[in-house]
Amino acid sequence: MKSALQDVVKSWSLKLQRQFKVLKSSLAVYTVVCETKECNFRVHGHVPKYESYWLVSRVEEHNHMLRNT
1 MKSALQDVVK SWSLKLQRQF KVLKSSLAVY TVVCETKECN FRVHGHVPKY
51 ESYWLVSRVE EHNHMLRNT
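Under full-length UniProt numbering, the residue at position 48 of the sequence shown is numbered 48, and the numbers go up by one with no gaps.
Written as C-alpha cells, this is what we have:
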C-alpha cells in the first residue's frame, strides 16, 4: 500500500531530523526529495507493471549537515 511507503518515509525523516518534500505522487509513483536544494536525498518508489505491490527502486542519502537551531 502506498500509505505504508509514505509512513516509512515520514518516520525515517523524523528519525533523521530532516525535512523532505513530495516531488511526485500518483497511483503508481511516489518520489520525495530533501527540502535543501543542494542535497541529493531522494526516495523513489513505484508499482511495477502488472503488480500490486510497491517497490522502492532508488534511495540516495542526505549529503548536507544539520544546522544548529
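Cβ atoms here follow ideal geometry from the backbone N, Cα and C, with glycine treated the same way.
In terms of Cα proximity to R58, the closest of F41, S52, Q17 is F41. Contact between K2 and W54 holds: CB atoms are separated by about 6 Å, below the 8 Å threshold. Nearest neighbour of R18 by Cα position, chosen from K37, G45, V29, E51, turns out to be K37. Between the C-alpha atoms of T31 and N63 there is a straight-line separation of about 18 Å. Excluding sequence positions up to five before and after V43, its CB lies within less than 6 Å of the CB of V9, V32, V59, all in the same chain and listed in chain order.
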